[in-house]
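Top to bottom, those sequences are chains A and B.
Under our numbering, residues 1 to 115 are what the first sequence spells out, in order.
Under our numbering, residues 1001 to 1115 are what the second sequence spells out, in order.
Glycine residues also receive a C-beta, built at the ideal position from the N, C-alpha and C atoms.
The structure appears right after this line, and notes come after that.
2 protein chains.
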Amino acid sequence: MAPREHAHPDLREVELVTVLAALAEPTRLRIVRMLAALEGERAWKDIDLPIAQSTLSHHLKILRNAGLVQNRTEGTRCFISLRDEELEGRFPGLLESVLSCGDPVPARAVEETRR
Amino acid sequence: MAPREHAHPDLREVELVTVLAALAEPTRLRIVRMLAALEGERAWKDIDLPIAQSTLSHHLKILRNAGLVQNRTEGTRCFISLRDEELEGRFPGLLESVLSCGDPVPARAVEETRR
DNA sequence: TTCGGAATTCGATGTTCGTCGAACATCGAA
DNA sequence: TTCGATGTTCGACGAACATCGAATTCCGAA
């Protein structure tokens, strides 16, 4: 289907568990990080990840239902953006702490520090 | 088995996704909240939730592997506590934001405010 | 040394999830 | 109106997960 208007949940109704589950998947977390690095919206087509379109659509739906992400339709294409300000109101500090955390230290390097 | 010494991961090796997945389950989130409200440790036996022992053990294992929780063994019983300070170092603000967020507003009440 | 309590592991079961390709719906352009 | 591009939905599959009861292991007490 072409991009249709989607229901975006009122963040007050969204449960924390839903948001955490949405973020607890590598591909979706990557999408969120990508959007956060952007400070604006991103065209659907420009989200290129090594997954099928249908899979991407699925992940975006989950992010949307969790209130993390927003769709805007323009003609036949659509744009995605983070609902960061609203999220800050409902889940203060959550998005920021998720985004700010870096990669884990490889086990080998940790081993080094144990001497 | 009786409570045995368990491996607790170095938090530097723990991935954010692992932590989020551990928290993204109602029962586990409840356990974390319960421990956080305690400011100390809690006896295994005192964690009474409407689930089988084996299920509780399973959830605690996941929380432990995610670096969220710690076991201390004393004789034949064990005590659980949150690794809150270490977590703050590895994932600044995350635990706090997760703990501070309240319940969602019921859909009915949200509807009220739409007039 | 035997017994019972404490927590873990094992095996089984049903459910949810991520993934894909195919079919579909919607829009703009030719 | 026809066509191509754009996302979405559907149906199917295997993997991962939550859950349970039973078996197991370890410890302390009798």
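Annotated three-state conformation of A:Val14 is coil, per DSSP. In the three-state reduction of the DSSP assignment, A:Thr55 falls in the helix class, which pools H, G and I. Inter-segment contact for the region 90-100 of chain A and the region 1049-1057 of chain B is absent: fewer than three beta-carbon pairs are separated by less than 8 angstroms. Going by beta carbons, A:Val14 and B:Pro1106 fall outside the 8 angstroms limit. The beta carbon of B:Ala1021 sits closer than 8 angstroms to some beta carbon of chain A.
In the three-state scheme derived from DSSP, where H, G and I count as helix and E and B as strand, A:Glu88 is classed as helix.
Closer than 8 angstroms to the CB of B:Cys1078 there is not a single CB belonging to chain A.
DSSP lists B:Thr1073 as the bridge partner or partners of B:Cys1078. When 8 angstroms is used as the limit between beta carbons, A:Pro92 is near these residues of chain B: Ser1097, Ser1100, Cys1101, in chain order. Not one beta carbon of chain A lies nearer than 8 angstroms to the beta carbon of B:Val1069.
In the DSSP assignment, B:Arg1108 falls within the unbroken alpha helix (DSSP H) covering 1107-1112.
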